[in-house]
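Undergrad: Before anything else, here's the structure in question.
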Amino acid sequence: AIQCSPQPGADNPIFLPQDGDNWLIAKTIVQIADANFHEAVSHLGRTHLFVEPFVLATHNQLSPTHPLFTLLTPHFVGTLAINDAAQSNLIASGGFVDKLLSGSIDQSRVLAVKGAQSYLLNVNTSTLPQTLAQRGVDDSSSLPDYPYRDDALLLWNAIHQWIENYMSRYYMSDEAVQGDAQLQNWVAEL
């Protein structure tokens, strides 16, 4: 079922698959809204803007031989250049994003920054398991068929286990983490 505006009422019906063209229109509205949210918040805000402080702190605070530097830097290749280039064409006034998304570029930028800030201020509650729980879709007994959750958690768990194994070679205890001055400076900069 799809309701296209937040307030229920006679002028805001709920559309169902049997509603023919109205159902197709309602699905299109949802897809457009989702695409706008994805591009501004998930892609720009929670990817490009979210990662940039990590790129800077990693290069500012960790030596090239630090295990975290070694782990992270391959994932940062091109990030700053892409973010910089986007300002002159993609997210500039009159640029591609301004023409593509339904909100103005100024509105899209505000939404992107809020998306990045929501992750930066809540890093520990923004992980896949926590966001699935917050959305109420984490319990496979109450929602047995949810391929996104099930596939994403397979990847999440594999990556989490690999990183845990890698980092445990360098940090045998909480004291070892606390005693790593470079790591503490990295966290402070973030």
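Those letters in the sequence shown? Residues 436 to 625, per our numbering, in order.
For glycine and all other residues, C-beta sits at the position ideal for the given N, C-alpha and C.
1. Give a yes or no on contact between the region 468 to 478 and the region 520 to 540, applying the rule of three or more CB pairs nearer than 8 Å.
2. Contact between the region 471 to 484 and the region 446 to 458: three or more CB pairs below 8 Å?
3. What span of residues does the alpha helix (DSSP H) with V572 cover, start to end?
4. Is the distance from the Cβ of V476 to the Cβ of G550 below 8 Å?
5. Hey, W591 and L563: beta-carbon distance below 8 Å or not?
6. Using CA atoms only, rank isn't needed, just tell me which of W621, I517, E474, Y606 is closest to V532.
7. For Q438, which three-state DSSP category applies?
8. Thinking C-alpha only, which one of I449, T463, P488 is nearest L625?
TA: Short version:
1. yes
2. no
3. Here the question's residue 572 lines up with position 137 in the sequence shown. It is not in any alpha helix (DSSP H) - V572 carries neither H nor E in the DSSP assignment.
4. Indexing the sequence shown from 1 puts residue 476 at position 41. Indexing the sequence shown from 1 puts residue 550 at position 115. Yes. Within cutoff.
5. As a working note, residue 591 is residue 156 in the sequence shown. As a working note, residue 563 is residue 128 in the sequence shown. Cβ atoms of W591 and L563: closer than 8 Å.
6. Translated into the one-based positions of the sequence shown, residue 532 becomes position 97. The shortest C-alpha separation from V532 is found at E474.
7. For the purposes of this step, residue 438 is taken as the residue at position 3 of the sequence shown. Three-state result, Q438: strand.
8. By 1-based counting over the sequence shown, the position of residue 625 is 190. Here the closest residue by C-alpha is P488.
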